[in-house]
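In order, the protein sequence lines correspond to chains H and L. The first sequence begins at 1071 in my numbering and counts up by one. The second sequence begins at 1071 in my numbering and counts up by one. A quick write-up on the structure given underneath.
2 protein chains.
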Amino acid sequence: MPSYVAPTKDMQFILHEVLEVTASDVPGYDELEADFTSAVLEEAGKLASDVLAPLNAVGDTEGCRLENGVVRTPTGFKEAFEQLKAGGWTGLDCDPEYGGQGMPYLLGTAVGEVFVAANMAFNMYAGLTHGAYSAIHTHGTDQQKATYLPKMVSCDWTGTMNLTEPHCGTDLGLMRTKAEPQDDGSFKITGQKIFISAGDHDMSENVIHLVLAKIPGGPAGIKGVSLFIVPKFMVGEDQKLGERNAVSVGKIEEKMGIHGNSTCVMNYDGATGYLLGEEHKGMRAMFTMMNEARLGVGLQGYAQAEAAYQNAVIYANDRLQGRDVTGTKNPDGPADPLIVHPDIRRSLMDQKSFVEGARAFTFWGASLIDRVHRSGDTQADGLISLLTPVIKGFQTDKGFDAAVAAQQVYGGHGYIEEWGMSQFARDARITMIYEGANGVQALDLVGRKLAQDGGKHVMAFFDLIKSFIKENEGDARMAEFLGPLKAASKDLQAAAMYFMAQGVKNPNNALAGSYDFMHLFGHTALGFMWARMAKAAFAALDGGASDAEFYETKIATGRYYMTRQLPATAMHLARINSGAEPVMALKAANF
Amino acid sequence: MPSYVAPTKDMQFILHEVLEVTASDVPGYDELEADFTSAVLEEAGKLASDVLAPLNAVGDTEGCRLENGVVRTPTGFKEAFEQLKAGGWTGLDCDPEYGGQGMPYLLGTAVGEVFVAANMAFNMYAGLTHGAYSAIHTHGTDQQKATYLPKMVSCDWTGTMNLTEPHCGTDLGLMRTKAEPQDDGSFKITGQKIFISAGDHDMSENVIHLVLAKIPGGPAGIKGVSLFIVPKFMVGEDQKLGERNAVSVGKIEEKMGIHGNSTCVMNYDGATGYLLGEEHKGMRAMFTMMNEARLGVGLQGYAQAEAAYQNAVIYANDRLQGRDVTGTKNPDGPADPLIVHPDIRRSLMDQKSFVEGARAFTFWGASLIDRVHRSGDTQADGLISLLTPVIKGFQTDKGFDAAVAAQQVYGGHGYIEEWGMSQFARDARITMIYEGANGVQALDLVGRKLAQDGGKHVMAFFDLIKSFIKENEGDARMAEFLGPLKAASKDLQAAAMYFMAQGVKNPNNALAGSYDFMHLFGHTALGFMWARMAKAAFAALDGGASDAEFYETKIATGRYYMTRQLPATAMHLARINSGAEPVMALKAANF
C-alpha cells in the first residue's frame, strides 16, 4: 500500500527562501515565522501520514453507498473527519469572527497540499465546505454569515456547490433549475443538479448547498442565474436544526476515481432556499471564488503527482531488475535496483522537476491571492486572474501525466489495484475535468484573460521575468537558467503576438492555439519558478548552508527542467503559428 | 453506452491504395482482392458492432470471478466466443494443415483491429491463443503440433504465455520456476507465475499454458531458461482429455482495466510439462514471436483510441454547449454542438490523425512480417525488428493519450463509468505496460535494434524516406508533406548520430535519450505514412475518384499531422542532445 510523507522541507524552502514571506508587506505574513510554519506543516504531515493516507485505498475500494436515502462514507472516514475538526484544520485560514484561525491563504494552501496528497477524496468534504464558506463570507448578509459560517468553519456542517445539470456544464446559461419567490422572501428551488461532490454523507449534522437557479421572469441565459443557500436541514435560531428540506440524493455516480467522495445527483423538489448576493448575479458571486477554487484544483493535480512520485521512488530503490550498463551497483544482490537505469531516472526527474516547480507556482499564486484579500492589491488581482487558468489547466494535465508515469515505474504491478498506483492516476484524472475542463481553462486564458485591461497583466508577467533576468545575469552560475527562461518567455510573447495579429482576422486563429498556449505559458512559469529557486539555492550555498546537498539537489533538479522540459515551448509555438486552418479544415460530418 | 463501427473504408484505402497489396510479390497477397478484403472486414465489423462492442461494458462491470477454482467469465462472453469460433475467425491466418484459413498476417491484423477496438478484454482470449499457437507452430515437434494445434486454431483450447513471476518481469534471468526432468522425457514444473492473461476461464475445454522455467543444473540467468507446454488437462491420443494437471489458479488480479479478461496468478505444483524447442533456448523461442506479439499490442493502443475517438465524435456532434464565436451554427437550438469549438476540433484532429497514421504504420509492419514469413525476406526482417519497439511503445503511449483526450471531450460525463469513456482509457493503459513496458521498448530500440547489423536497418529506413521524397518532390502538392517529413527525418538522423558519437563515451548518453528517440522515431514514421497516404489520395483525386470528399479529408487530416504533430521532433532532439548528465545528476537518496 502506498505511503506518504509531507515534503515539509521543500515547502519551507519555498515559503522562506523563495517567497521570503516574513519579509513581505502582506498583513499577517509576519506571523509566518519559519518555526511556526514548520510546526504547522509537521503536524499536518503527521495527520496525513498516520490517518489520511492509510484511508486512501479504503475509500477507493469501498466507495460511498446510498442506503435508504442516506450516504454512507467508507470505513474510518468519520473518525478521521473528527480528527481533522478537532485539530482545528478546517478553519485554518477562516475568519476569526466565525471561529477561524485567520491564517493566510498561503499557509492554508501548503497544509491543503499535504492533506490532498494523502487522500484527495477525503479532503474534498472539507474543501467544498471551504468554497461554500468563502461564497457566504463574501456575499452573505450579516445574518446569513452568523447563521451558517460558525458551523461551516468547524465543519460541523459541510458545504456543496451545485452548478451542473444533465444537459449543461460549461454553458450554464442553459440551466433549468428554477427558484420561485415566496412571500416570506425565501424561494422554492426545483430542479436536478448532477456531479455534486460531497453532496450528502454521514460525517456532518447538516449540509449547506449553494445552488445556482433561475428566478422566473429574469433575463435569459447566464444573466438570469442567481445563487441560493439551500440547507439540508432547516436552520432555526441559535443554529438549531429543524425539519428536513425538500432536497434529496437521486443517486451516487460510479466514477473512474475519487470513490471516497460521494458524487451525487441532487434533486430539489420545491426546497426552501435563500438568495445569496444579488438577484441574477449568481455567476458573479461564483466568479469571485473561482481563482481560489481553480488554484485548489491545480494543487490537487500536482499533489497527486507528489504522492505517486514518492511511491515510485521507493519502488525504484527497492525493486531489483537488470544491471546498470555502466557497471554493477549491487554486486551482492541478484540485480541492481531500478533506479540505476537512465530511463527510470528520466521518468522520476520528469515527475520531481514538475512537482517542485508546480508547488512553487501554486504557492506564489496563493501569495498573490493573499495580496488581493489582505492588501487590496489590484495588480496582484489582475495577475492571479491571468495565472489561474494556467495553474489549473497546465498543472492538472501534467499532474495526471506524472501520476501515470509514476504508475509506469511499477511495471505490471502498477496496473494491479492492490499496489495503489492506479488510484493516483484515476483520482488525478478528475482534476483535468472539474472546476472547468482544461479546454475551458485555455479558452478563459486566451479568450478573456490575455487581453484583459488592455493586456496589462500579461505584460506585467513578462516584466517580472525581464526584471529577474536583468537582476541576475551578472551571476554566471545563473546563465543556464536565465538562457532557457529567456527563450521560453520569447516564445510565449511570440505566441501572444500571433494571437493579436491573427485573432483579429479570425478569432479561431487564437482559439485553435489556446491549449498549446496554456502549456507554453505553464512551462514558462515553471521555468521562472526554477530560476527563482536556483537563485535562492545558490544564495543558501553562498551563505554556507549546513545542508548543501539539499540545495545542490534543488539546482540539479531545476537544471533538468530547463534542459529537458523547456524545449517544449518551441513546439507549442510552432503549433500555434499554424493557426486555425489545419484545425478547422474538416466538415463536421467528415470526422 | 459507446458504440463501434469498423472503419472498413479506411482499412481498404491502406490495403489497396497505399500498400497496393495485390500488386505485391508476397505469396498469398494475390488473394487479397479488394472485394474479398472488403467482404471479410464488413463481416468482422458486424460481429464487432452487434456482439462484441455491447459486451465491452459488461466485461468491465462484471469482471471475472474465481469460484471453487474455476474462473467464470462475464455474462455473454461464452456465447460470443462460440460465434467467434463458428465464424472461423480464430484461425484466419493460421496454417491450413491444422485447420486454419492460411490468410496473410496482414488480413489477420486488420480483422484483429476490428475485434480489439470493439472489445479488447474479450479478444485477448483468442489473441493469447494465437501467440501460443505461433510458438508451438514454430518450435514444436510434429507430434506436438499434431496434438495441440488443431484445437488451438479452432479455439476449442485456448493458450497462455507464462513469463512473469512476483519478483521478476523485465529481468527474466531471475526466474525461480523450475522444471525437473522425468524418466519419460517430460518435466515436473513447480513455481508461481503472475499476470497470466486468460490464465483460466470457462469458454474452452482445455488451456494450453506455455511456461518459462529453469531446468536445474542449467546455465545461470537468462541463458538457463527453457519453454514448456503445460496443458490444464492432460491430452491423450486423438486429443482426448485426460486427468487434471497440477496447475491451478491462485487468484484473479484486481486491475485498473481489461476486467473482462482473467488475469491470473498461476500455481504450478509439479505439473507435467513438455519441452518446447531446445533446452535453455526458451528466450530465443519467445523472441521469434515477439515482433508479432508487440505489433499486436501496438495495435491495441491505437484500436482503443479509434473506439474512443468514434464516440467522442458522436458526443461532440450531439452535445449542445456554447456558441461558435465566429457565428451561431445551430440558431434553432439552445446552443451549438461542441464540434464548432476550435479546441474540441484540435483534440479530435489529434486523435484522428494519430489513429489513421498508426493504422497505416501497423498495416505496413504486418506486411513486412508477411514478407519475412512468406518470402524469407531478411531485409524486411531487419526492418520490422527495428520498427517493432516503435510500433509498440509509441503507439501505446499515444493511443492512451488519445483515449484520455476522447474521454475529455465528454467533460464530467467522461469521468462517470456509465458513459464508457473511462473504460477506453483504463483498458488502453495496460498496453503501455505488458509485452515489455515502454521504457524497455525504448531500451530495445536504442540499445539493441539501432546498431544491429552495423546499423543497416535504420539506414534502410532513412533510405526509404529519402527515395520517397525524391520520387515525389516533382509534385508541388506534396511539398507540405515532404518538407516536414524531411525535417523530422533529419532530426531522427541527428539523434542517431548523437547516440553514436556520445554513447561510446558513456552508454547512458544514449539510454537517457532512448524514450525521446522512440517518440521521435514514431512521429517520423507516422509522418512518412501520412506522406504516403497523401500521395495515394492525390492519385485517387487525379484519377477522378467518385468519393472525392474521402480523399480530401484524408489529405487535410495528414496536413494536420504534419503541421501540428511533427514539430515535436525538434523537442525530442533537443532533449536527447542534453545527454545523460541532467538525467543522472542526483544520488539515489536525493530523489
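In this text, a Cβ means the ideal position worked out from N, Cα and C, and glycines have one as well.
Coil, strand or helix - residue i by DSSP
{"i": "V1528(H)", "result": "helix"}
{"i": "L1242(H)", "result": "helix"}
{"i": "L1136(L)", "result": "strand"}
{"i": "N1576(H)", "result": "coil"}
{"i": "G1340(H)", "result": "strand"}
{"i": "G1261(L)", "result": "strand"}
{"i": "K1079(L)", "result": "helix"}
{"i": "E1250(L)", "result": "strand"}
{"i": "M1231(L)", "result": "strand"}
{"i": "V1096(L)", "result": "coil"}
{"i": "I1486(H)", "result": "strand"}
{"i": "L1369(H)", "result": "helix"}
{"i": "L1125(H)", "result": "helix"}
{"i": "V1395(L)", "result": "coil"}
{"i": "E1090(L)", "result": "coil"}
{"i": "G1614(L)", "result": "coil"}
{"i": "D1523(H)", "result": "helix"}
{"i": "E1101(L)", "result": "helix"}
{"i": "P1289(H)", "result": "coil"}
Any C-beta of chain H under 8 Å from that of residue i
{"i": "Q1677(L)", "result": "In this structure chain L extends from 1071 to 1661, so residue 1677(L) is not present and cannot be described."}
{"i": "S1616(L)", "result": "no"}
{"i": "G1481(L)", "result": "yes"}
{"i": "N1193(L)", "result": "no"}
{"i": "D1105(L)", "result": "no"}
{"i": "N1576(L)", "result": "yes"}
{"i": "T1623(L)", "result": "yes"}
{"i": "P1077(L)", "result": "no"}
Chain L within 8 Å of residue i, Cβ atoms only
{"i": "L1590(H)", "result": "no"}
{"i": "F1661(H)", "result": "yes"}
{"i": "K1422(H)", "result": "yes"}
{"i": "Q1262(H)", "result": "no"}
{"i": "P1652(H)", "result": "yes"}
{"i": "Q1265(H)", "result": "Strictly speaking, residue 1265(H) in this sequence is Phe, with Gln absent from that position. Taking Cβ atoms only, chain L reaches closer than 8 Å to F1265(H), which makes this a yes."}
{"i": "G1484(H)", "result": "yes"}
{"i": "I1292(H)", "result": "no"}
{"i": "M1190(H)", "result": "no"}
DSSP beta-bridge partners of residue i
{"i": "R1064(H)", "result": "Nothing in the structure corresponds to residue 1064(H), since chain H is present only between 1071 and 1661."}
{"i": "L1297(H)", "result": "L1282(H)"}
{"i": "S1267(H)", "result": "T1333(H)"}
{"i": "K1321(H)", "result": "V1335(H)"}
{"i": "N1276(H)", "result": "W1227(H)"}
{"i": "V1141(L)", "result": "L1136(L)"}
{"i": "P1407(L)", "result": "L1390(L)"}
{"i": "L1663(L)", "result": "The first residue shown for chain L is 1071 and the last is 1661, placing residue 1663(L) beyond what the model contains."}
Contact set for residue i: own chain, Cβ-Cβ below 7 Å, skip 5 residues either direction
{"i": "I1454(L)", "result": "N1361, G1435, L1438, I1439 and V1442"}
{"i": "Y1203(L)", "result": "C1164, L1219, M1222, V1223 and G1229"}
{"i": "T1107(L)", "result": "Q1082, L1085 and L1177"}
{"i": "M1632(H)", "result": "E1550, F1551, P1554, G1597 and W1600"}
Own chain, CB closer than 8 Å to residue i, minus 5 neighbours either side, in chain order
{"i": "I1285(H)", "result": "K1248, A1249, E1250, P1251, F1257, G1294, S1296, E1349 and H1350"}
Cut-off 6 Å between Cβ atoms - residues of its own chain near residue i, not counting five sequence neighbours on either side
{"i": "E1313(H)", "result": "M1304"}
query = What residues from the segment 1381 to 1405 of chain H come within 7 Å of chain L, judged by C-beta to C-beta, listed N to C?
reply = V1383, N1387, Q1391, G1392, V1395, T1396, P1404 and A1405
ask   = Name the residues in the segment 1320 to 1332 of chain L whose C-beta lies less than 7 Å from a C-beta of chain H; which are they?
value = E1323, E1324, K1325 and M1326
query = When Cβ atoms are compared, which residues of the segment 1499 to 1519 of chain H fall closer than 9 Å to chain L?
reply = R1499, I1500, M1502, I1503, Y1504, A1507, N1508, G1509, V1510, A1512, L1513 and G1517
Near-chain L residues of the segment 1632 to 1657 of chain H - C-beta to any C-beta below 7 Å = T1633, R1634, P1637, A1638, A1640, M1641, A1644, R1645, S1648, A1650, P1652, V1653, M1654, A1655 and L1656
ask   = Taking Cβ-Cβ distances below 7 Å as the criterion, which residues of the segment 1419 to 1443 of chain H are in contact with chain L?
value = M1419 and K1422
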